[in-house]
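Enquirer: Its first residue numbered 1, the sequence shown is counted upward by one per residue in the working numbering. Just passing along the structure, written as structure tokens.
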Amino acid sequence: MQMLSRYFTPFALVLILLAVHFGEPESSTTKIAVGILLADVFANWWIGKNQYRWVRWAGRFRQIQVWLNLVWAIPLFYLLYPYWGPMWLLFVLAPTAAALTTSKLETVLCSLSAAGAMIGIIWFRQPLEGPFLGMVFSHAAFIVIFSLFVHSLAQTALRLRDAFGANS
């Protein structure tokens, strides 16, 4: 999970900071988004630092971190999507982390939750019709399919590790 935090946290930071800089949201929106971002970074840092302190809880800490990242993505997307279209990519991060660290069922649940949250927020903010509807559904499909692809890759890597580890 530390590897995921090493790459996904900076990506989320860049995405949000670009949205704030180039999207030019209102001052109050920017302050709330930065506050949520700081809380997210702190929570990920704390979980990453402490997840192996209590070895029996390490798996649960990973699950909590995945779902917390999805929870943080929802208000950030709600606040910044009107100003920065690529904000939907925040919804790819938690399901991808789930794909690498949890079961296939949890990966599916997380990806469907992320895709559903994205569709729901966009639908709440504006009507979904015509080409825009197709774009939103293609983003949602990407979230689900990409996370399942990553899960399959991770499972293949584990099988290869186990096969070569058993022969050594």
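Glycine included, C-beta positions come from ideal geometry on N, C-alpha and C. Computed from a prediction, not measured in an experiment: that's the story for all the values here.
#1: To the nearest angstrom, how far is it from the Cα of Tyr-52 to the Cα of Gly-134?
#2: Would a C-beta distance cut-off of 7 Å place Ala-99 and Leu-68 closer than the cut-off?
#3: Report the start-end ranges of each alpha helix (DSSP H) in the region 74-130 that is 4 residues or longer and not cut off at the edges.
#4: Can you tell me which of the three DSSP states Tyr-7 falls into?
#5: Alpha carbon to alpha carbon, how far is Leu-160 from Ser-103?
#6: Is it right to say Gln-65 is buried, meaning 16 or more other beta carbons lie within 10 angstroms of its own, or is it exposed?
#7: Buried or exposed for Phe-11, please, with buried defined as at least 16 other CB atoms from any protein chain shown within 10 angstroms of its CB.
#8: Look at Ala-117 and Leu-79 and say whether their C-beta atoms are less than 7 Å apart.
Expert: Inspection of the coordinates gives the following:
#1: 43 Å
#2: no
#3: 90-101 and 104-125
#4: helix
#5: 18 Å
#6: buried
#7: exposed
#8: no
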